[in-house]
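To start, the structure under review is shown below, and the notes come after it.
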Amino acid sequence: MAHWMNLGQQFKVNARRYARKLALKDQRRSYTYAEANQRVNQLAHGLKGLGLSRGDKIAVFMDNCIEIIELYLATAKTGIIIVPINFRLVGPEVEYIVNNADAKAMVVQDQLTDVIDPIKSRLSNIPANHYVAVGSEVQGYMAYEKFIAGNMDDEPDDTVAPSDTWILMYTSGTTGKPKGVIRSHESHISFYLINGLDMGFNNSDYCMNVMPLCHINSTFYTFLFLYLGGSVYVHPALAFRAPEVLRIVEAERITFISLIPTHYNLILNVDEENRRRDVGSIRKLLCSSAPVRRKMKREIMDFFPNAELYEGYGSTEAGSVTVLQPEDQMVKTGSIGRELLGTDFIKILDKQGKEVPAGEVGEIYSCGPTLFDEYYKLPEKTAASFKDGWFSAGDMGMRDEDGYYYIVDRKDNMIITGGENVYPSEVEEAIGSHECVFDCACIGLPDEKWGEKIVAVVTLKEGVDENSVNAADIQSCCQEKLAGYKRPKEIIFIKGNEMPRTTTGKILHRKLKDRYTN
């Protein structure tokens, strides 16, 4: 039966079609497709030499680098399941994921081995000789380059089906323990083909990978280009510095980059010297993970004059659900767009599971080709997340009369004050219009009179005098834009690095709520 090739299989073909073309590059190295494929094959044989085979798990704990991309490719070729772990986690958090995933081997970046060493004895499924370190040599770890050197470079002969699991990716775990999300090769192939066509990508594109490769965004928007035969520049997520990113864009003539609003905010606030960088090579931009305010959209489009701006909505579980096209950015501000090309897999349901009419708020459910299979070892949570085969990530939203979808907020973030439902995103949008505000998050805190009071936690732009902005200034932004019950009762100013975020930049409202609840 004919089927589409997975990333590893397509990479083998691309190594023939584009043998001398640039595949991967970072600040120190670059590899053509032929060179990269040779290394990936050597790595695949190295993993098999550890006794790993189809269905076995290998954990990877590292920031963005060429080696983690090689691991994704090698596992795709062999049927081994990769378990990417957020490089910001601490020992006990990593321990839980590695053991829960039943990983039999682990690859760690050299500067992160001090997180792993104290927990090694408790990683029950990994033998002592199944640890590999990327970078400098570290005692107790095989050196990555030595691990792959000397292995055969012929193609692995493993049979990997599209329905096989490729990635076991753990959610952020903002409430309770993180859940393992089982994702197949098929779900990723669907994304590459649908988005490649819907967004007009091709093999002449040169993507700069900035988003963490332990998250779904990067496994979609980085590997899409390797699937199509384009080029990828790999940049550490931890080392995001707007001036350096702009320098690379200019020097490499990057054509596409996927960022979050926080990244764009930093870029838009660089000094005059960096504003003069030639970024004209960028032809497409993606923004995801959080809404983009109208004012910022205008600034982004002015900063990147030749680029089309897209916004995407999805989740680790649902994959890619909608996209807002460039021509709709200023017409449908605040929208997450419409269904992806060739799909019709979105419903807005009320508490009884009935579809709500246009203009009414309900819970967003999706069921598309990029959907995950199930939560690992959690059949009850899997069942609870689905309604008749449709999945919900817990986002509340609505559809307008033209068929465009809008995220109102996370169901868990909703504030009930004086019996009225208030969605933080609406208040945050109003506060964010203040010229000195860098970012803000609204939470509900216990209040004897109102049940919950709205509290806005605000960070100011770099260089703004903290004494020049006060609570009254912020309240004035809300005066004309929000009903009285939606306006914050309290404003808290914090520094930018004090705002709790996920690795992809989403603000953790729950952590703020815990911090300020007496």
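Quick note: the sequence shown uses this note's numbering, first residue 11, plus one each step.
C-beta atoms are modelled at their ideal positions from N, C-alpha and C, and glycine is treated no differently.
Because the structure is a prediction, the values reported are computed rather than measured.
Quick check on this structure: which residue in 239, 253, 265, 90 has the alpha carbon closest to the alpha carbon of residue 193? Here residue 193 refers to the residue found at position 183 when the sequence shown is read from its first residue. Comparing Cα-Cα distances from residue 193 to each of 239, 253, 265, 90, the minimum goes to 90.
Quick check on residue 480: buried or exposed, where buried means 16 or more other Cβ atoms within 10 Å of its Cβ? As a working mapping, residue 480 is identified with position 470 in the sequence shown. Exposed, because fewer than 16 other Cβ atoms sit within 10 Å of the Cβ of residue 480.
Local conformation of residue 91 per DSSP, three classes: As a working note, residue 91 is residue 81 in the sequence shown. Residue state, collapsed to three classes: strand.
Counting Cβ pairs, one atom from each stretch, are 3 or more of them under 8 Å apart for the stretch 135-152 and the stretch 166-183? no
Name the DSSP bridge partner or partners of residue 323? The residue labelled residue 323 in the question sits at position 313 within the sequence shown. DSSP output for residue 323 lists 332 as bridge partner(s).
Name the two residues that bound the continuous beta strand (DSSP E) containing residue 203. Numbered from 1 along the sequence shown, position 193 holds the residue referred to as residue 203. Premise fails: residue 203 lies in the alpha helix (DSSP H), 195-208, not in any beta strand (DSSP E).
Outcome for residue 55 when other beta-carbon atoms lying within 10 angstroms are tallied against a minimum of 16: Taking the first residue of the sequence shown as position 1, residue 55 is located at position 45. Residue 55 is buried by the Cβ-count criterion.
In three-state terms, what does DSSP make of residue 349? Numbered from 1 along the sequence shown, position 339 holds the residue referred to as residue 349. Reduced to three states, the DSSP call for residue 349 is strand.
Along the chain, which unbroken stretches of the beta strand (DSSP E) at least 3 residues long are found entirely within the stretch 90-121? 91-95, 115-119
If we call anything under 9 Å between Cβ atoms a contact, is residue 20 one with residue 163? Here residue 20 is taken as the residue at index 10 of the sequence shown, counted from 1. Here residue 163 is taken as the residue at index 153 of the sequence shown, counted from 1. Not closer than 9 Å, so no.
Would you kindly work out how many angstroms separate the C-alpha atoms of residue 380 and residue 250, rounded to a whole number? Position 370 of the sequence shown, counted from the first residue, corresponds to residue 380. Position 240 of the sequence shown, counted from the first residue, corresponds to residue 250. In a straight line, the C-alpha of residue 380 is about 29 Å away from that of residue 250.
Between the beta-carbon of residue 344 and the beta-carbon of residue 409, is there less than 9 Å? In the sequence shown, the residue the question calls residue 344 occupies position 334. In the sequence shown, the residue the question calls residue 409 occupies position 399. Not a contact, by the Cβ cut-off of 9 Å.
Assign residue 340 to buried or exposed, taking buried as 16 or more other Cβ atoms, counted over all protein chains shown, within 10 Å of its Cβ. On the sequence shown, position 330 is the one that residue 340 refers to. Exposed is the call here.
Could you give the distance in angstroms between the alpha-carbon of residue 568 and the alpha-carbon of residue 84? There is no way to answer for residue 568, as the model of the chain reaches only from 11 to 528.
Tell me whether residue 16 is buried or exposed, calling it buried when 16 or more other Cβ atoms sit within 10 Å of its Cβ. Here residue 16 refers to the residue found at position 6 when the sequence shown is read from its first residue. Result: buried.
For residue 126, three-class secondary structure by DSSP: Numbered from its first residue, the sequence shown carries residue 126 at position 116. Helix at residue 126.
Below 8 Å, is the gap between the Cβ of residue 358 and the nearest heavy atom of the ligand PLP? Among the components of this structure there are no ligands whatsoever, and the ligand PLP is therefore not found.
Nearest-angstrom Cα separation, counted from residue 314 out to residue 289: Here residue 289 refers to the residue found at position 279 of the sequence shown. Here residue 314 refers to the residue found at position 304 of the sequence shown. Each residue's Cα considered, the two are about 6 Å apart.
Looking only at its chain, what residues have a beta carbon closer than 8 Å to the beta carbon of residue 363, apart from the 5 residues adjacent to it on each side? If you number the sequence shown from 1, residue 363 lands on position 353. Closer than 8 Å at the Cβ level, and outside the excluded window around residue 363, lie 397, 398.
What are the boundary residues of the alpha helix (DSSP H) that includes residue 58? Against the sequence shown, residue 58 aligns to sequence position 48. Per DSSP, residue 58 belongs to the alpha helix (DSSP H) from 43-59.
Can the beta-carbon of residue 453 be found less than 9 Å from the beta-carbon of residue 526? Working through the sequence shown from its first residue, we reach residue 453 at position 443. Working through the sequence shown from its first residue, we reach residue 526 at position 516. Contact flag set, yes.
In the stretch 453-493, which residue ranges form an unbroken alpha helix (DSSP H) of at least 4 residues, counting only runs that do not cross its ends? 481-489
Would you kindly work out how many angstroms separate the C-alpha atoms of residue 319 and residue 368, rounded to a whole number? As a working note, residue 319 is residue 309 in the sequence shown. As a working note, residue 368 is residue 358 in the sequence shown. Computed Cα separation, rounded: 26 Å.
Return the CA-CA distance between residue 275 and residue 131, expressed in angstroms with no decimal places. Start at 1 with the first residue of the sequence shown, and residue 275 comes out as number 265. Start at 1 with the first residue of the sequence shown, and residue 131 comes out as number 121. Roughly 43 Å separates the two Cα atoms.
Pull the bridge partners of residue 10 from the DSSP assignment, please. Any question about residue 10 goes unanswered here, given that the chain covers just 11 to 528.
Take the Cβ of residue 68 as the centre, count every other Cβ of all protein chains shown within 10 Å, and call the residue buried at 16 or more, exposed below. Within the sequence shown, residue 68 is the residue found at index 58, counting from 1. When all chains shown are included, residue 68 counts as buried.
Measuring only the C-alpha atoms, how far is residue 485 from residue 261? Residue mapping note: residue 485 aligns to position 475 of the sequence shown, counting from 1. Residue mapping note: residue 261 aligns to position 251 of the sequence shown, counting from 1. Answer to the nearest angstrom: the Cα atoms are 43 Å apart.
Can you look up residue 65 in the DSSP assignment and give me helix, strand or coil? As a working mapping, residue 65 is identified with position 55 in the sequence shown. If DSSP states are grouped into helix, strand and coil, residue 65 belongs with coil.
Closest to residue 334 by C-alpha separation, out of 347, 324, 323, would be which residue? Taking the sequence shown and counting its residues from 1, one reaches residue 334 at position 324. Residue 347 is the option with its Cα nearest to residue 334.
Residues in its own chain within less than 6 Å of residue 231 by CB, not counting five upstream and five downstream? Position 221 of the sequence shown holds residue 231. Contacts found: 268.
Say whether the stretch 95-110 touches the stretch 137-144, bearing in mind that this needs 3 or more beta-carbon pairs closer than 8 Å, one atom from each stretch. no
Residue range of the beta strand (DSSP E) that includes residue 241: In the sequence shown, the residue the question calls residue 241 occupies position 231. Start and end: 241-244.
Same chain only: Cβ atoms within 6 Å of residue 497, ignoring 5 sequence neighbours per side: For the purposes of this step, residue 497 is taken as residue 487 along the sequence shown, with counting starting at 1. Closer than 6 Å at Cβ, skipping near neighbours: 488.
Kindly provide the ranges of any alpha helix (DSSP H) runs that are 4 or more residues long and lie completely inside the stretch 343-423, ordered along the chain. 389-395
Whose C-beta lies closer than 7 Å to the C-beta of residue 377 among residues of the same chain, with five residues either side of it excluded? Start at 1 with the first residue of the sequence shown, and residue 377 comes out as number 367. Contacts found: 355, 399, 400, 401.
So residue 95 and residue 71 are supposed to be a Cβ contact under 8 Å. How far apart are they, rounded? In the sequence shown, counting from the first residue as 1, residue 95 sits at position 85. In the sequence shown, counting from the first residue as 1, residue 71 sits at position 61. Residue 95 to residue 71, Cβ: 5 Å. Contact.
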